[in-house]
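Protein chains in written order, with my numbering: chain A, 427 to 791; chain B, 1359 to 1437. Comments concern the structure below.
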């Protein structure tokens, strides 16, 4: 919240769109604003009435540079928009930087997402430190219901809940890097970096950066699913393969390779397999191991075929790690298996678990 | 010696960013050292974004400062 917890003293608010951006059709701007208001209305008793003339509580406009409030914008990028907390006059007003390229999709700055954030300010919300919250200060593209539990808790502290709940489910708060109970969905290398996937996010670990970055998956790859099941890097092909459900995507650097997504069955997996738990490429052998439930397959990258004699039991072939895993990665000559909050350092040559570490140790915890 | 142009740009970016979003005071504040204020404010920003709190302008911090964002300050009054 803002200092002194500024809020409107009525639940019946008015808004007016003073001007429109030429980047979008008028109707698209109207839709984006209405959709953004509905987001907050869904979880509060607030209602929003559109005015076409006169002064509304929330006045919405587009402007470039200095646009009348002595709080200038800065041209393309960086500052996208700003809004004023509830109050008389300029209070509650929302300004968008006209120098940005506003879109309906993920190709540039999505007006709906920015409007939803700014309207949060117009209702009394300050910035959140939770990277998964809509009220986080930096822009990231996302899909689905935009409000996180943190956003909902914040707005309901000001206005209370919606007396007629709409049944929408807020996104859970972002996973905490050093949570001792942290489990992960997938892990892979990417040109010397390590990427750790968990829920809607991934952490990017760069050897020259002391702390991992937490980023929304959708923010980097809008066309990818919100959850990654498994991932592996094939350094020989300079590709990272990402699995989600029955589909897989190939990345070259951060770019999705043309022709993807493809079905995971193209690898030779039986149709009954609907998702993978983990995948890991062993560069010494050229084989990729694909784990699902209690079994695993071996895929030969050179021939592009599954090896015969598979699936085999995880428990029998990798003694000490249990019968099911969440994620796997091959680093420094060791296979690291992740299961719940534990990370097993497994020696491929000695066929035994070398060390057991907490899962969060991969994130420098 | 004058700083290389890239460094100067980065410092200017950081100063502008911290002034706008974290209320870094402009110029020298009486007997207080401007460098101390800068370090204190940068730490505040690093804590907010869950970066490693060093009080110095490292690559990671500059990267966050360059991201597209909302113009409302992260801390303090906005009137």
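Cβ coordinates follow ideal geometry from the N, Cα and C atoms, glycine included. None of these values were measured; they are calculated from a predicted model.
- Under a 10 Å Cβ-count criterion, residue 624 of chain A is classified as buried, with 16 or more other Cβ atoms of the shown protein chains found around its own Cβ.
- Near chain B, meaning a CB-to-CB distance below 8 Å, the residues of the region 485 to 506 of chain A are 497, 499, 503, 504, 505, 506.
- Selection B:1414, B:1408, B:1371 evaluated against residue 504 of chain A yields B:1371 as nearest (Cα-Cα).
- Under the DSSP definition of a beta bridge, residue 577 of chain A lacks any partner.
- Annotation for residue 751 of chain A: 703, 704, 717, 740, 763, 764, 765 place their beta carbon closer than 8 Å to its own, counting only its chain and skipping 5 residues before and after.
- In the structure shown, residue 700 of chain A falls within a coil segment according to DSSP collapsed to helix, strand and coil.
- The alpha carbon of residue 1408 of chain B has as its nearest neighbour, out of A:501, A:584, A:563, the alpha carbon of A:563.
- Comparing C-alpha distances from residue 545 of chain A to each of A:726, A:656, A:474 shows the shortest one belongs to A:474.
- Taking 8 Å as the threshold, the shortest C-beta distance from residue 635 of chain A to chain B falls below it.
- The beta carbons of residue 558 of chain A and residue 597 of chain A sit about 6 Å from each other, so the pair counts as a contact at 8 Å.
- At least 8 Å separates the beta-carbon of residue 672 of chain A from that of residue 650 of chain A.
- Taking a Cβ-Cβ cut-off of 7 Å, the neighbours of residue 563 of chain A in chain B comprise 1427, 1428, 1432, given in sequence order.
- In this structure, residue 614 of chain A places its C-beta atom within 8 Å of the C-beta atom of residue 755 of chain A.
- For residue 535 of chain A, the chain B residues whose Cβ falls inside 8 Å of its Cβ are 1426, in order along the chain.
- Secondary structure note for residue 489 of chain A: its beta strand (DSSP E) is the uninterrupted segment 484 to 489.
- Residue environment: residue 604 of chain A is assigned as exposed (fewer than 16 neighbouring CB atoms within 10 Å of its CB, all protein chains considered).
- Residue 559 of chain A sits in coil when the DSSP states are folded into three classes, being neither helix nor strand.
- Annotation for residue 743 of chain A: the continuous alpha helix (DSSP H) segment containing it runs 740 to 743.
- Shortest Cα-Cα distance from residue 440 of chain A to any of A:434, A:476, A:461, A:458 involves A:476.
- Taking the C-beta atoms as reference points, residue 737 of chain A is found nearer than 8 Å to residue 722 of chain A.
- Under the 10 Å beta carbon count, residue 785 of chain A is surrounded by 16 or more other beta carbons and is classified as buried.
- Within the region 540 to 559 of chain A, the residues whose Cβ lies closer than 9 Å to any Cβ of chain B are, in chain order, 540, 543, 544, 547, 552, 553, 555, 557.
- Assigned with DSSP and collapsed to three states, residue 762 of chain A falls in strand.
- Pairing residue 709 of chain A with residue 661 of chain A gives a Cβ-Cβ distance under 8 Å.
- CA-CA distance, residue 630 of chain A to residue 511 of chain A, rounds to 34 Å.
- It is roughly 7 Å from the alpha-carbon of residue 1428 of chain B to the alpha-carbon of residue 565 of chain A.
- With the criterion set as a beta carbon lying under 8 Å from some beta carbon of chain B, the region 447 to 465 of chain A has no members that meet it.
- Separation of residue 695 of chain A and residue 758 of chain A (C-alpha to C-alpha, rounded to the nearest whole angstrom) is 29 Å.
- Counting only the Cα atoms, residue 593 of chain A lies some 27 Å from residue 611 of chain A.
- A straight line joining the alpha-carbon of residue 461 of chain A with that of residue 538 of chain A spans about 7 Å.
- Straight-line measurement puts the Cα of residue 1373 of chain B at about 22 Å from the Cα of residue 495 of chain A.
- Beyond the five residues adjoining it in sequence on each side, residue 589 of chain A comes within less than 8 Å, by CB distance, of 471 in the same chain, given in chain order.
- If one requires a minimum length of 4 residues, the alpha helix (DSSP H) runs lying completely within the region 447 to 516 of chain A are 452 to 467, in chain order.
- Its Cα nearest to that of residue 1382 of chain B, the residue B:1399 stands out among B:1369, B:1399, B:1366, B:1393.
- Contact of residue 427 of chain A with chain B by beta-carbon distance below 9 Å is absent, the smallest such distance being about 11 Å.
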